[in-house]
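**Student:** In the working numbering, the protein residues as written are 1 to 122.
There's a structure below that I have some questions on.
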């Protein structure tokens, strides 16, 4: 009978150790599941962040392309503007010279008429 009690005590102690180990394993499994859920959530967040960043990169590439095209257009317009300015300036200077000649002719004609009118009245 004492051998049975010793065996029962040993079995009870072994059961207690196994029960404690089981509880610890279950707690660790719960922590691991919680950590897994957290990591999966963070992974989804990172996937979303990466998708957003990729969209931003594509959008920025499109914007840069439009800006390059606009810059080329503006440079082309500026080049044409310089030519138009030179042409307009030359036409303006020619018109100024023509005006000076016309004013000189007008002054000469006015003087001639004045002399002719003065000669008639004498």
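We put the CB at the ideal spot given by N, CA and C, even for glycine.
From a predicted model like this one, the values you see are computed outputs, not experimental measurements.
1. DSSP on residue 16, reduced to helix/strand/coil?
2. Note down the Cα distance separating residue 117 from residue 110, rounded to an integer number of angstroms.
3. Can you tell me the Cα-Cα spacing of residue 50 and residue 57, whole angstroms?
4. Among residues of its own chain, excluding the 5 on either side of residue 3, which ones have a beta-carbon nearer than 8 Å to its beta-carbon?
5. Go ahead and pull the three-state DSSP assignment for residue 1.
**Tutor:** So, from the listed chains and residues:
1. helix
2. 10 Å
3. 10 Å
4. none
5. coil
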